[in-house]
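For the sequence shown, UniProt numbering gives the first residue as 1, with consecutive numbering after it. All residues carry an ideal CB built from backbone N, CA and C; glycine is no exception. Predicted, not measured: the structure shown is a model, and the values here were computed from it. Inspection log for the structure reproduced underneath, given as structure tokens.
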Amino acid sequence: MPRAVKPFAKPRALVTGGAGFIGSHLCERLISEGYRVVCMDNLRTGSLENITHLQEDPDFEYVHHDVTTYIDCPGELDGIYHFASPASPADFERIPIPILKVGALGTYNALGLAKAKGARFMLASTSEVYGDPLVHPQPEGYWGNVNPIGIRGVYDEAKRYAESITMAYHRHHRVDTRIVRIFNTYGSRMRPDDGRMIPNFIQQALSGEPLTVYGDGSQTRSVQYVDDLVEGVLRLMNSREISPVNIGNPVEYTVNDVAALILELSNSTSKMIHELLPQDDPKQRCPDITRAREALGWEPEVPAREGLSRTIRWFAERFEGAEEVPETEIRPEIGRTTG
Ligand code: UDP
1 MPRAVKPFAK PRALVTGGAG FIGSHLCERL ISEGYRVVCM DNLRTGSLEN ITHLQEDPDF
61 EYVHHDVTTY IDCPGELDGI YHFASPASPA DFERIPIPIL KVGALGTYNA LGLAKAKGAR
121 FMLASTSEVY GDPLVHPQPE GYWGNVNPIG IRGVYDEAKR YAESITMAYH RHHRVDTRIV
181 RIFNTYGSRM RPDDGRMIPN FIQQALSGEP LTVYGDGSQT RSVQYVDDLV EGVLRLMNSR
241 EISPVNIGNP VEYTVNDVAA LILELSNSTS KMIHELLPQD DPKQRCPDIT RAREALGWEP
301 EVPAREGLSR TIRWFAERFE GAEEVPETEI RPEIGRTTG
């Protein structure tokens, strides 16, 4: 039977991992786009602080739940954004089994909910599905180079399984699905103890400690500002693109470049020191964003200098005793575009 038509009802979306770094930005944006939002999180790596400013909004609802167990979400749902998962390499060693469970059982439960509600489903996947890539830059058609039994394998394989079950629900149960492959993203609300490159370097630069560059720092990453990612996520969800889509900024930096840029933008006198490179750390990573450009008309808009300056200011406001960070003049990128 067709659903009753409710011309004035706002659409309703569930964001799993909604109290996390990316999830909280997504909840905020969905509300501003006229959605009612159910934010679900077990706060393992998310934080209520990320959503405090949304709690009074009548269109926002927080549900404390671990999605690796059956998800009960009463009422209609139009969209499910499955963003729950720890994502920092530091977590891969600290909490490997919860990572495997949320990628496997969490995705299974969220897909079951999408099927039951007739909701469109989006999986937050990752550039980690490409592993330590042998193809550069990485197009969506590249199948990757992943060590299944390495320390990073818990995240990489969980997300590869998550993509697989998402496509199986699409093909077998006709669930309307989308897969976004997210490349390195930064911005406000990253955990200070997250362990990833950008929050580590910013904290170290602001506190005058040496920046811990792993290996010789020649490995590359391409970093995108969180607002660009959220724009890409919404465009993909509103598109007809079933195949995975890379969303990332194709300007590529070495880790040494990123460290130097953060030192400059934060006006820091910290030094750089070199530490051991973690196992299976990808040597290079850069998205080929042709599909996002063509199917979504999407391009990242925030240059690294600008996004990093904003992020440094956000950390500085939370960091007692830090010297004031100057407004930085926006100058051309120092990275390379290979996408
Ligand atoms: N990295 C570093 N120092 C740090 C944290 C990370 O040199 O304090 C390096 C890490 O080895 C990797 C890159 O920075 O080559 C990006 O690491 P991140 O943890 O941000 O995520 P990844 O892209 O590896 O998933």
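task = From the DSSP output, in three-state form, read off Y142 for me.
result = Locating residue 142 in the sequence shown gives position 142, where the first residue counts as 1. Correct three-state label for Y142: coil.
query = Helix or strand or just coil, what does DSSP make of L43?
reply = Your numbering for residue 43 matches position 43 in the sequence shown. Coil.
ask   = Hey, is M122 close to the ligand UDP, as in C-beta under 7 Å from one of its heavy atoms?
value = Here residue 122 corresponds to residue number 122 of the sequence shown, with the count starting at 1. For the ligand UDP, not one heavy atom lies less than 7 Å from the Cβ of M122.
inquiry  = Short of 6 Å in beta carbon distance, which residues of its chain neighbour K101, apart from the five on each side in sequence? Order them along the chain.
reply    = Working through the sequence shown from its first residue, we reach residue 101 at position 101. T68, listed in sequence order.
message = Under 7 Å: does the beta carbon of Y214 sit that close to some heavy atom of the ligand UDP?
response = Locating residue 214 in the sequence shown gives position 214, where the first residue counts as 1. Yes, the beta carbon of Y214 sits closer than 7 Å to at least one heavy atom of the ligand UDP.
key: Stretch-stretch touch, CB-based, cutoff 8 Å, three pairs: the region 246 to 262 with the region 110 to 125   = no
Y225 classed as buried or exposed, judged by whether at least 16 other C-beta atoms fall within 10 angstroms = Here residue 225 corresponds to residue number 225 of the sequence shown, with the count starting at 1. Result: buried.
request  = With a threshold of 7 Å, establish whether the CB of D281 neighbours any heavy atom of the ligand UDP.
outcome  = Residue mapping note: residue 281 aligns to position 281 of the sequence shown, counting from 1. Flag set: Cβ of D281 near the ligand UDP.
ask   = Considering R12, what are the terminal residues of the beta strand (DSSP E) in which it resides?
value = As a position in the sequence shown, residue 12 is number 12, starting the count at 1. Note, R12: beta strand (DSSP E), R12 to T16.
task = Using only the heavy atoms of the ligand UDP, determine whether one of them is closer than 7 Å to the beta carbon of S125.
result = Here residue 125 refers to the residue found at position 125 when the sequence shown is read from its first residue. False, no ligand heavy atom lies under 7 Å from that Cβ.
ask   = K115: which of L48, R310 and T177 sits nearest, CA to CA?
value = As a position in the sequence shown, residue 115 is number 115, starting the count at 1. Closest option to K115, Cα to Cα, is T177.
task = Say yes only if the C-beta of E277 is nearer than 7 Å to one or more non-hydrogen atoms of the ligand UDP, and no if none qualify.
result = As a position in the sequence shown, residue 277 is number 277, starting the count at 1. The sequence given here places Leu at residue 277; Glu does not occur at that position. It does: the Cβ of L277 is within 7 Å (strictly closer) of some heavy atom of the ligand UDP.
request  = Can you check the region 205 to 235 for any alpha helix (DSSP H) of at least 4 residues that lies completely inside it and give the ranges in chain order?
outcome  = none
query = Does DSSP classify H53 as helix, strand or coil?
reply = Numbered from its first residue, the sequence shown carries residue 53 at position 53. Reduced to three states, the DSSP call for H53 is helix.
inquiry  = Spatial neighbours of A292 within its chain, please: C-beta separation below 7 Å, excluding the five flanking residues on both sides.
reply    = To locate residue 292, count along the sequence shown from 1; it is residue 292. Here the set comprises G232, V245, N246, I247 and W298.
Span separating the alpha-carbon of W143 from that of S127 = For the purposes of this step, residue 143 is taken as residue 143 along the sequence shown, with counting starting at 1. For the purposes of this step, residue 127 is taken as residue 127 along the sequence shown, with counting starting at 1. If I take the Cα positions, the gap works out to 11 Å.
inquiry  = Rounded to whole angstroms, what is the Cα-Cα separation between N50 and L26?
reply    = As a working note, residue 50 is residue 50 in the sequence shown. As a working note, residue 26 is residue 26 in the sequence shown. Going from the Cα of N50 to the Cα of L26 covers about 11 Å.
inquiry  = Taking a contact to mean a Cβ-Cβ separation below 8 Å, would you say F83 touches G20 in this structure?
reply    = In the sequence shown, counting from the first residue as 1, residue 83 sits at position 83. In the sequence shown, counting from the first residue as 1, residue 20 sits at position 20. For F83 and G20, yes; Cβs fall inside 8 Å.
key: Buried/exposed call for T220, threshold 16 Cβ in 10 Å   = Here residue 220 refers to the residue found at position 220 when the sequence shown is read from its first residue. Buried: at least 16 other Cβ atoms inside 10 Å.
inquiry  = Let me confirm a value: D257 is counted as buried when at least 16 other C-beta atoms fall within 10 Å, else exposed. Which label applies?
reply    = In the sequence shown, the residue the question calls residue 257 occupies position 257. Looking at its Cβ environment, which holds 16 or more other Cβ atoms inside 10 Å, D257 is buried.
query = Using a threshold of 7 Å, is the CB atom of M167 nearer than that to any non-hydrogen atom of the ligand UDP?
reply = Counting from one through the sequence shown, the residue named residue 167 turns up at place 167. Every heavy atom of the ligand UDP is 7 Å or more from the Cβ of M167, so no.
query = Just to confirm, are I71 and D280 a CB contact at a threshold of 8 Å?
reply = Position 71 of the sequence shown, counted from the start, is the residue given in the question as residue 71. Position 280 of the sequence shown, counted from the start, is the residue given in the question as residue 280. Not closer than 8 Å, so no.
request  = Please look up how many angstroms separate the CB atoms of F315 and I202, rounded, as I've assumed it's under 8 Å.
outcome  = Numbered from its first residue, the sequence shown carries residue 315 at position 315. Numbered from its first residue, the sequence shown carries residue 202 at position 202. About 5 Å separates the two Cβ atoms, so the contact holds.
message = Below 8 Å on the Cβ atoms is my contact criterion, and I expect R12 with D78 to pass it. Report the Cβ-Cβ distance as a whole number of Å.
response = Translated into the one-based positions of the sequence shown, residue 12 becomes position 12. Translated into the one-based positions of the sequence shown, residue 78 becomes position 78. Correct: roughly 6 Å between the Cβ atoms.
Limits of the unbroken alpha helix (DSSP H) element including R313 = Along the sequence shown, one-based indexing puts residue 313 at 313. Counting along the chain, the alpha helix (DSSP H) containing R313 begins and ends at A304 to R318.
ask   = Helix, strand or coil: how does DSSP classify L105 here?
value = Taking the sequence shown and counting its residues from 1, the one referred to as residue 105 is at position 105. Helix.
Close beta carbons around I312, own chain, < 6 Å, minus the five adjacent residues each side = On the sequence shown, position 312 is the one that residue 312 refers to. Around I312: I202, L265, S266 and V325.
Residue(s) in a DSSP beta bridge with R120 = Counted from its first residue, the sequence shown places residue 120 at position 120. Beta-bridge pairing links R120 to G79.
inquiry  = Using a Cβ-based criterion (distance less than 7 Å to any ligand heavy atom), does Q219 qualify as near the ligand UDP?
reply    = As a first step, residue 219 must be located in the sequence shown, where it is residue number 219. Correct: Q219 has its Cβ closer than 7 Å to the ligand UDP.
ask   = Who are the near neighbours of H170 in its chain, counting only those whose CB is closer than 8 Å to its CB and skipping five residues on each side?
value = The residue labelled residue 170 in the question sits at position 170 within the sequence shown. Closer than 8 Å at the Cβ level, and outside the excluded window around H170, lie D176, T177 and I242.
ask   = In terms of residues, what are the limits of the beta strand (DSSP E) holding E275?
value = Walking along the sequence shown from the start, residue 275 turns up at place 275. Unbroken beta strand (DSSP E) run through E275: M272 to E275.
message = What does the alpha-carbon distance come out to for the pair V15 and G46?
response = Working through the sequence shown from its first residue, we reach residue 15 at position 15. Working through the sequence shown from its first residue, we reach residue 46 at position 46. Answer to the nearest angstrom: the Cα atoms are 12 Å apart.
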